Amino acid sequence: MGEAIVVTSGKGGVGKTTTSANLGTALALLGKKVCMVDTDIGLRNLDVVMGLENRIVYDLIDVAEGRCRLPQALVKDKRFEELYMLPAAQTKDKNDITPEQVGKIVEELKPDFDYVIIDCPAGIEQGFDNAVAGADQAIVVTTPENAAVRDADRVIGILDKRGIKSPKLIINRIRPNMMKSGDMLEIDDICQVLAIDLVGIIPDDELVIRAANHGEPTVMNPNSRAAIAYRNVARRILGETVPLMPLEEKTGVFGRVKKFLRMG
Amino acid sequence: MSVKSAITIKGTKEGLIFLLDDQCDFMSLLDELHAKLDKHEQQLTGPMVHVFVKLGSRNLDEEDKEKIRGAIRRQGNFLVQSIESDLEANVPALEPPSLQTMTGIVRSGQVVQHDGHLLFIGDVNPGGSILCTGDIYVMGALRGMAHAGCEGNDSSIIAASLMTPTQLRIAEVISRPPEEWASAEPWMEYAYLRNGTMEIDKLTHLHHYRKEAMLFKGV
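If you're matching them up, the sequences are chains A and B in order. Residue 1 is where the first sequence starts when you use full-length UniProt numbering, and the numbers rise one by one after that. Residue 1 is where the second sequence starts when you use full-length UniProt numbering, and the numbers rise one by one after that.
Structure (structure tokens):
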């Protein structure tokens, strides 16, 4: 029996879909059988980021309304044997499916996969309810901005009410030099406010945008710092203890001393 | 048997005054009232008598007052004119509101409402709020909104281990840090009203504001 993990944030544009795609791919890279479910009906993106748009035949709504069987709607990834995606419908909207229907589909997927990654739409309305139904665990994505942290906090509260008690946190789009100069929220400050387990910090990386535009998840590129960070997240989800990656790219003497102090 | 009677009856020009003891149990008081009225049944017949009931420092709700009226009314010629308590003239509810303890974390969009004083152990995040008719004590970081004395009690205070709220309200007064004041002091602080404006002080100075008599034993 697999585990269903919903990737959510409240605020839009913080990197839910990027995180879903990269996390799914990273878990597949580690040999797990993964299915990604896009619940952003009407604004589907996961297929574009994964480069699988042209392979879609059926979608989530078709499965829910019985126009096809679940295995028919699953799109197999072009890179991995054991990575699948269930696309969202583009012509409908969030109210055309109920949380119960999504929950049933996720339950149906869980026995066949190690992980079911659910990509949640922005907002806390029906689309959010759809995505959260059937999830066992949640990953909350935020960026080091006040507005994103505020929304993440709200979402953590709502998840708690829905019975997902201890979501995990990913802080995305970190710019080390801005953080250093105090123009960006510190990681410690964010963790203090949100008070949930940190499962990864992802540095801001232009390669992520390039990769998304090429329909190739960033994790595939071992030269990207964001890729390493996403691989670390996947390993932490599997239960490994992986230290947070140092944010400074070039560590001078001062940086090394600071790092040493932090470790001690 | 020299048990002190809980009920004293005095006669005046206007009628009878029933002075009820305010220390004893209400049920035993009611029993004695019944007994007393039954005993004096013969004497208490005749023309209409006005009765004024004085409760002393006892405070009764309408239901209990009705029981007293009922007991006295059984004597056909008694007419209860008033039931007075010494307390009613003063402050209506003298009983201090109790302190409730609560643990958790108030996240954005969540509201905690409480009648009385509240001791909240945990953080209040930006976007979260606590509303209280009495005082608010936050053992944790107060980063959201807190409204003490929300039904108008302007002597309420808001205390927090880490005082960095988005807004503070006491009774009708609204204060917006950091425009009006800023604080990131390492000690606990509290907000209170002085002459209608909000001020912040160290929590250790609270006793200057409260001026409560304290009795500590020891040398």
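Each residue gets a CB set at the ideal place from its N, CA and C atoms; glycine is no exception. Everything numeric in this text was worked out from a predicted model, so none of it was measured.
- Quick one: list the residues of chain A neighbouring ARG194 (chain B), beta-carbon separation under 7 Å, in chain order. Here residue 194 (chain B) corresponds to residue number 194 of the second sequence, with the count starting at 1. Simply none; closest approach about 31 Å.
- Task: Tell me, please, whether the segment 77 to 87 of chain B touches the segment 107 to 118 of chain B by the rule of three or more beta-carbon pairs shorter than 8 Å.
- Result: No: the two stretches stay apart, fewer than three of their Cβ pairs being nearer than 8 Å.
- Message: Excluding the 5 residues flanking TYR209 (chain B) on each side, which residues of the same chain have their C-beta closer than 6 Å to its C-beta?
- Response: By 1-based counting over the second sequence, the position of residue 209 (chain B) is 209. Within the same chain, TYR209 (chain B) has close Cβ partners TYR192.
- Message: Could you tell me the alpha carbon to alpha carbon distance between THR18 (chain A) and ASP38 (chain A), rounded to whole angstroms?
- Response: On the first sequence, position 18 is the one that residue 18 (chain A) refers to. On the first sequence, position 38 is the one that residue 38 (chain A) refers to. A direct Cα-Cα distance of roughly 12 Å separates THR18 (chain A) from ASP38 (chain A).
- Which two residues bound the contiguous beta strand (DSSP E) that contains THR168 (chain A)? Counting from one through the first sequence, the residue named residue 168 (chain A) turns up at place 168. Checking the sequence shown, residue 168 (chain A) turns out to be Lys, not Thr. First-last of the beta strand (DSSP E) with LYS168 (chain A): 168 to 174.
- Item | Cβ-Cβ separation, VAL49 (chain B) to LEU79 (chain B) (assumed contact under 8 Å), whole Å | By 1-based counting over the second sequence, the position of residue 79 (chain B) is 79. By 1-based counting over the second sequence, the position of residue 49 (chain B) is 49. 7 Å between Cβ atoms; contact.
- Task: Report the residues of the segment 131 to 161 of chain A with a CB closer than 7 Å to any CB of chain B, ordered along the chain.
- Result: ARG150, ASP153, ARG154, ILE156 and GLY157: these are the residues of the segment 131 to 161 of chain A whose beta carbon lies less than 7 Å from some beta carbon of chain B, given in chain order.
- Using the Cα positions of ARG194 (chain B) and VAL242 (chain A), report the straight-line distance between them to the nearest angstrom. Looking up residue 194 (chain B) in the second sequence gives position 194. Looking up residue 242 (chain A) in the first sequence gives position 242. Cα to Cα, the separation comes out at about 54 Å.
- Message: With a threshold of 8 Å on Cβ separation, who are the neighbours of ARG69 (chain B) within its own chain once the five nearest residues in sequence on each side are excluded?
- Response: In the second sequence, counting from the first residue as 1, residue 69 (chain B) sits at position 69. Only residues of its own chain outside the window of five on either side were considered, and among them VAL80 and ILE83 have a CB closer than 8 Å to the CB of ARG69 (chain B), listed in chain order.
- Ignore the nearest five residues each way along the sequence and tell me which others in GLY200 (chain A)'s own chain have a CB closer than 7 Å to its CB. The count along the first sequence starts at 1 and reaches residue 200 (chain A) at position 200. Within the same chain, GLY200 (chain A) has close Cβ partners ILE170, ALA229, ASN232, VAL233 and ARG236.
- Thinking PRO217 (chain A) and ASN22 (chain A) are a contact (beta carbons under 8 Å), I'd like their distance in whole angstroms, please. Here residue 217 (chain A) refers to the residue found at position 217 of the first sequence. Here residue 22 (chain A) refers to the residue found at position 22 of the first sequence. Here PRO217 (chain A) really is in contact with ASN22 (chain A); their C-beta atoms are around 5 Å apart, less than 8 Å.
- Using the Cα positions of LEU131 (chain B) and ASP189 (chain A), report the straight-line distance between them to the nearest angstrom. The residue labelled residue 131 (chain B) in the question sits at position 131 within the second sequence. The residue labelled residue 189 (chain A) in the question sits at position 189 within the first sequence. Approximately 26 Å between the Cα atoms of the pair.
- For VAL49 (chain A), write down the residues that DSSP places opposite it in a beta bridge. If you number the first sequence from 1, residue 49 (chain A) lands on position 49. Looking at the DSSP assignment, VAL49 (chain A) forms no beta bridge with any residue, so it has no partner.
- Let me know if CYS68 (chain A) comes out buried or exposed under the rule of 16 or more other beta-carbons within 10 Å of its beta-carbon. As a first step, residue 68 (chain A) is located in the first sequence; it is residue number 68 there, counting from the start. Classification for CYS68 (chain A): exposed.
- Check whether the Cβ atoms of PRO99 (chain A) and ASP59 (chain A) lie closer than 8 Å to each other. Numbered from its first residue, the first sequence carries residue 99 (chain A) at position 99. Numbered from its first residue, the first sequence carries residue 59 (chain A) at position 59. With a cutoff of 8 Å on beta-carbon distance, PRO99 (chain A) and ASP59 (chain A) are scored as not near each other.
- Could you tell me which chain A residues have their CB closer than 8 Å to the CB of ASN59 (chain B), listed as they occur along the chain? For this step, residue 59 (chain B) is matched to residue 59 along the second sequence. Here the premise fails: no neighbours, minimum Cβ distance about 41 Å.
- Query: What residues from the segment 97 to 120 of chain B come within 8 Å of chain A, judged by C-beta to C-beta, listed N to C?
  - Reply: Correct list: ILE105, ARG107, SER108, GLY109 and GLN110.
- Message: For the beta strand (DSSP E) containing THR103 (chain B), name the first residue and the last one.
- Response: Here residue 103 (chain B) is taken as the residue at index 103 of the second sequence, counted from 1. Looking at the DSSP string, the run of the beta strand (DSSP E) that includes THR103 (chain B) is 99 to 103.
- Counting only the same chain and skipping the five closest in sequence on each side, list residues whose C-beta sits under 6 Å from that of ALA131 (chain A). Here the question's residue 131 (chain A) lines up with position 131 in the first sequence. Result list for ALA131 (chain A): VAL6, THR39, ILE118 and CYS120, in chain order.
- By DSSP, does GLY12 (chain A) sit in helix, in strand, or in coil? Your numbering for residue 12 (chain A) matches position 12 in the first sequence. In this structure, DSSP gives GLY12 (chain A) a state outside helix and strand, which the three-state scheme calls coil.
- Query: Is ASP64 (chain A) near GLN101 (chain A), with beta carbons less than 8 Å apart?
  - Reply: Indexing the first sequence from 1 puts residue 64 (chain A) at position 64. Indexing the first sequence from 1 puts residue 101 (chain A) at position 101. A small correction: the amino acid at residue 64 (chain A) is Ala; Asp does not occupy that position in the sequence shown. The beta carbons of ALA64 (chain A) and GLN101 (chain A) sit closer together than 8 Å.
- Item | Residue closest to PRO126 (chain B), alpha-carbon to alpha-carbon, out of B:ARG143, B:PHE120, B:ASP115 and B:ASP135 | As a position in the second sequence, residue 126 (chain B) is number 126, starting the count at 1. The residue with the shortest Cα to Cα distance from PRO126 (chain B) is B:ARG143.
- Message: To be precise: take each residue of the segment 175 to 199 of chain A, compare its Cβ to all Cβ atoms of chain B, and keep it if any distance is under 9 Å. Which residues remain?
- Response: Along the segment 175 to 199 of chain A, going in chain order, the ones with a CB nearer than 9 Å to a CB of chain B are GLN192, VAL193, LEU194 and ALA195.
- Task: Using beta-carbon positions only, say whether ASP123 (chain B) and GLY140 (chain B) come within less than 8 Å of one another.
- Result: Mapped onto the second sequence, residue 123 (chain B) falls at position 123. Mapped onto the second sequence, residue 140 (chain B) falls at position 140. A contact, by the Cβ cut-off of 8 Å.
- Task: Verify whether the separation of the beta carbon atoms of ASN172 (chain A) and VAL141 (chain A) is less than 8 Å.
- Result: Indexing the first sequence from 1 puts residue 172 (chain A) at position 172. Indexing the first sequence from 1 puts residue 141 (chain A) at position 141. The beta carbons of ASN172 (chain A) and VAL141 (chain A) sit closer together than 8 Å.
- Message: Quick check on DSSP: helix, strand or coil for HIS214 (chain A)?
- Response: Here residue 214 (chain A) corresponds to residue number 214 of the first sequence, with the count starting at 1. If DSSP states are grouped into helix, strand and coil, HIS214 (chain A) belongs with coil.
- Just grab the DSSP bridge partners of CYS132 (chain B) for me. If you number the second sequence from 1, residue 132 (chain B) lands on position 132. Its beta-bridge partners are B:HIS114.
- Query: What is the rounded straight-line gap between the Cα of residue 265 (chain A) and the Cα of ILE41 (chain A)?
  - Reply: Because chain A is modelled from 1 through 264, residue 265 (chain A) falls outside the range shown and cannot be assessed.
- Query: Of the residues that make up the segment 121 to 155 of chain B, which ones have a beta carbon closer than 9 Å to any beta carbon in chain A?
  - Reply: So the close ones are GLY122, ASP123, ASN125, PRO126, GLY127, GLY128, ALA141 and ARG143.
- Query: Between the C-alpha atoms of LEU86 (chain A) and VAL116 (chain A), what's the straight-line distance to the nearest angstrom?
  - Reply: Taking the first residue of the first sequence as 1, we reach residue 86 (chain A) at position 86. Taking the first residue of the first sequence as 1, we reach residue 116 (chain A) at position 116. Roughly 10 Å between the two C-alpha positions.
- Based on Cα-Cα distance, which residue from A:LYS180, A:ILE156, A:LYS168 and A:SER166 lies nearest to VAL11 (chain A)? Counted from its first residue, the first sequence places residue 11 (chain A) at position 11. One point to set straight first is that residue 11 (chain A) is Lys, not Val, in the sequence displayed. When A:LYS180, A:ILE156, A:LYS168 and A:SER166 are compared, the shortest CA-CA separation from LYS11 (chain A) is found for A:ILE156.
- Task: From the DSSP output, in three-state form, read off ALA148 (chain B) for me.
- Result: Within the second sequence, residue 148 (chain B) is the residue found at index 148, counting from 1. DSSP, reduced to helix, strand and coil, places ALA148 (chain B) within a strand of the structure shown.
- Message: Determine whether the beta carbon atoms of VAL138 (chain B) and ALA160 (chain B) lie at a separation below 8 Å.
- Response: Your numbering for residue 138 (chain B) matches position 138 in the second sequence. Your numbering for residue 160 (chain B) matches position 160 in the second sequence. In terms of Cβ geometry, VAL138 (chain B) and ALA160 (chain B) form a close pair [threshold 8 Å].
- Query: So the alpha helix (DSSP H) ARG225 (chain A) belongs to, where does it begin and stop?
  - Reply: Locating residue 225 (chain A) in the first sequence gives position 225, where the first residue counts as 1. Membership of ARG225 (chain A) in the alpha helix (DSSP H) is indicated by the continuous run 225 to 237.
- Whole beta strand (DSSP E) runs in the segment 12 to 42 of chain B with 3 or more residues, listed along the chain? Complete beta strand (DSSP E) runs here, min 3: 16 to 20.
- Query: Who are the near neighbours of MET102 (chain B) in its chain, counting only those whose CB is closer than 6 Å to its CB and skipping five residues on each side?
  - Reply: Reading the second sequence from its first residue, position 102 is the one you call residue 102 (chain B). Take MET102 (chain B), set aside five residues on each side of it, and the residues of its chain with a beta-carbon closer than 6 Å to its own are PHE120, in chain order.
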